[in-house]
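K.L.:
Following this message is one structure expressed as structure tokens.
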Amino acid sequence: MHGEYKVPGGKLVVVDLDVADGRIVNFHLAGDFFLEPDEALDAIDAAVNGLPVESDTKAIADVVRRALPEGAVLLGFTPESVGVAIRRSLANATSWSDYEWEVVHAPAVSPVTHLALDEVLTASVATGARKPTLRFWEWEESAVVIGSFQSVKNEVDPEGAAKYGFDVVRRITGGGAMMMEKGSVVTYSLYVPIDLVQGMTFADSYAYLDEWAILALKGMGIDASYVPLNDITSPKGKIGGAAQKRLGSGAVLHHVTMSYDMDGQKMTEVLRIGREKISDKGIASAAKRVDPLRSQTGLSRAEIIERMKQQFSSMYRATPGDITPAEYAAAERLVTEKFATPEWLNRVP
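See below:
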């Protein structure tokens with residue numbers, strides 16, 4: 000069995016192994032990481048050989064860590080990344096290069112249609128009707144998009160939303176409320192086969208699926224990084240956040256919203272951002288939590304999206320794609336039956 004795991008912001012970890020009588024045998028670790036002293040590699044191999052195949056990532060990492068010689072130095076990888084690579088090997092996980100990718104950047108639709116398209120396109124990837132896809136959203140209407148499990152009344156000030164023309168909608172992923180002002184955010188969705196993230200925890204998969212975006216931001220001069228669980232940030236402040244849902248049909252929806260421009264005062268009037276929410280951020284106001292892309296790059300929103308499309312396409316050999324009429328029709332049915340209904344919006348009052 001063969002497994003690979005590219006550490007976000009780090010190096011490639013490669014494992015080869017066999018299984019006999021429920022245990023790992025013939026294990027060998029490789030990769031483009033740095034490891035000192037040399038004998039540490041043999042120590043890791045010896046420690047992993049004989050482990051039960053049901054060992055999880057943490058158990059494997061603990062064994063690897065205990066096996067390291069005193070003073071060992073690991074650069075570009077960690078004992079946990081070895082565990083992830085082994086779990087991916089045992090789960091027959093795939094890699095980015097195993098797929099043909101499409102990039103979709105279609106005209107603007109309503110906020111509820113965007114949310115319905117996320118569900119429809121993820122299902123299309125699960126059935127094989129669509130190639131794995133990166134989709135950028137366009138906006139002509141403003142909306143507050145709340146997480147699947149959030150309370151409407153706790154998250155949104157109805158008077159503020161009405162004052163500034165923000166619709167309120169609910170997505171199928173968890174996470175926090177996002178104030179999507181037209182022309183002021185960069186939002187993208189990834190629709191990927193579940194096999195791409197096999198062997199990873201949710202936390203691991205967030206950074207893994209967004210590494211290309213971090214590299215794109217760095218290429219625009221932003222010192223971007225990922226902060227677990229789901230924040231993209233820089234030394235100047237938070238840039239955006241991710242949310243994810245793994246559908247039982249065999250695909251993953253992963254989407255991200257980054258702030259291009261922001262009116263901090265407007266945000267505090269539209270969203271009910273209490274002191275408890277920001278108490279662990281070490282700041283006095285919610286308006287200071289987000290640092291928009293515009294202030295850090297000087298680029299237009301369109302140019303930022305174009306740079307991101309180029310980064311993704313160059314890394315994964317993606318080609319331009321589109322949304323089919325059948326997918327649009329399925330999304331409109333979901334809007335009527337689900338996303339535009341009071342029952343869905345108020346599932347958590």
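Counting from 0, one number per residue, gives the positions in the sequence shown under numbering that gives the first Met the number 0.
In this text, a Cβ means the ideal position worked out from N, Cα and C, and glycines have one as well.
Here the structure is a predicted model, which means the values were calculated and not measured.
Which residue from T172, A250, T93 and L74 puts its Cα closest to that of F338?
P.N.:
The residue with the shortest Cα to Cα distance from F338 is T172.
K.L.:
So, is N229 buried or exposed, given that buried needs 16 or more other C-beta atoms within 10 angstroms?
P.N.:
N229 is buried by the Cβ-count criterion.
K.L.:
How many Å lie between F22 and A45 at the Cα?
P.N.:
The amino acid occupying residue 22 in the given sequence is Arg; Phe does not appear at that position. R22 and A45: Cα-Cα distance of roughly 13 Å.
K.L.:
When DSSP labels each residue in this structure, what does M257 get in the three-state scheme?
P.N.:
strand
K.L.:
Work out the CA separation of L16 and V62 for me, nearest whole Å.
P.N.:
16 Å
K.L.:
Hey, quick one: how far does the alpha helix (DSSP H) through R245 stretch, first residue to last?
P.N.:
No alpha helix (DSSP H) holds R245; the beta strand (DSSP E) holding it covers G236 to L246.
K.L.:
Taking only the alpha-carbon atoms, compute the straight-line gap between E35 and F165 and give it to the nearest angstrom.
P.N.:
56 Å
K.L.:
As a quick exercise: from P348, I272 and M307, pick the residue whose alpha carbon is nearest that of M257.
P.N.:
M307
K.L.:
Determine whether the beta carbon atoms of V334 and A115 lie at a separation below 7 Å.
P.N.:
yes
K.L.:
Determine the DSSP secondary structure at K10, reduced to helix, strand or coil.
P.N.:
coil
K.L.:
Could you check how far apart the C-beta atoms of Y190 and W136 are, in whole angstroms? I think they sit under 8 Å.
P.N.:
So it is not a contact: roughly 13 Å between Cβ atoms.
K.L.:
How long is the line joining the alpha carbons of S284 and V47, rounded to whole angstroms?
P.N.:
Confidence at S284 is low in this model, with a pLDDT of 49, below 50, so the placement of that residue is unreliable and no value is reported for it.
K.L.:
Which of helix, strand or coil does DSSP assign to R274?
P.N.:
Residue placement at R274 is poorly supported in this model, since its pLDDT is 37, which falls under 50; the coordinates are not used for a value here.
K.L.:
For the alpha helix (DSSP H) that contains D44, what are its first and last residues?
P.N.:
E38 to V47
K.L.:
Less than 7 Å separating the beta-carbons of A212 and Y225?
P.N.:
no
K.L.:
Does DSSP put L189 in a helix, in a strand, or in coil?
P.N.:
Strand at L189.
K.L.:
Assuming S183 contacts Y259 under a Cβ cut-off of 8 Å, what Cβ separation, rounded to an integer in Å, is found between them?
P.N.:
5 Å
K.L.:
With a cut-off of 8 Å, do at least 3 Cβ pairs link the region 147 to 155 to the region 84 to 103?
P.N.:
no
K.L.:
What does the Cβ neighbour count give for G218, buried or exposed, with the cut at 16 atoms within 10 Å?
P.N.:
Exposed.
K.L.:
By DSSP's criteria, G320 is part of a beta bridge. Which residues make up the other side?
P.N.:
V103
K.L.:
Determine which residues share a DSSP beta bridge with Y4 and list them.
P.N.:
Y4 is bridged by DSSP to V12.
K.L.:
Starting from D117, trace the alpha helix (DSSP H) both ways and give me its first and last residue.
P.N.:
P110 to T126
K.L.:
Please classify L74 as buried or exposed, where buried requires at least 16 neighbouring CB atoms within 10 angstroms.
P.N.:
exposed
K.L.:
Is it true that the region 0 to 14 meets the region 24 to 33, where meeting means three or more beta-carbon pairs spaced less than 8 Å apart?
P.N.:
yes
K.L.:
Any chance you could list the alpha helix (DSSP H) runs of at least 4 consecutive residues sitting entirely within the region 290 to 340, in chain order?
P.N.:
292 to 296, 300 to 315 and 324 to 333
K.L.:
Skipping 5 residues on each side, what residues in its chain have a beta carbon closer than 8 Å to that of N91?
P.N.:
M0, D194 and Q197
K.L.:
Could you give the first and the last residue of the continuous alpha helix (DSSP H) run that contains L50?
P.N.:
Segment: none, L50 is in no alpha helix (DSSP H) and carries neither H nor E.
K.L.:
Rounded to the nearest angstrom, what separates P319 and I272 at their Cα positions?
P.N.:
39 Å
K.L.:
On a CA-only basis, which of W138, R134 and D222 is nearest P110? Give me that one, please.
P.N.:
The shortest C-alpha to C-alpha distance from P110 to any of W138, R134 and D222 is the one to W138.
K.L.:
Verify whether the separation of the beta carbon atoms of A71 and I43 is less than 7 Å.
P.N.:
no
K.L.:
Got a sec, what are the start and stop residues for the beta strand (DSSP E) S233 sits in?
P.N.:
D230 to S233
K.L.:
So which of A250, M178 and Q264 has the shortest CA-CA distance to G239?
P.N.:
Cα-wise, what sits closest to G239 is M178.
K.L.:
Among the residues of its own chain, which have a CB less than 7 Å from the CB of K265, if the five just before and after it don't count?
P.N.:
Y163
K.L.:
Starting from the C-beta of A202, find all residues in its chain whose C-beta is less than 7 Å away, skip the five residues before and the five after it, and write them out in chain order.
P.N.:
P227 and L228
K.L.:
Assuming contact is defined by CB atoms lying nearer than 7 Å, are V119 and A328 in contact in what I supplied?
P.N.:
Inclusion of V119 and A328 in the CB contact set at 7 Å is not warranted, their separation being larger than that value.
K.L.:
Spatial neighbours of E275 within its chain, please: C-beta separation below 7 Å, excluding the five flanking residues on both sides.
P.N.:
Low per-residue confidence applies at E275: pLDDT is 42, beneath 50, and the placement is therefore not dependable enough to give any value.
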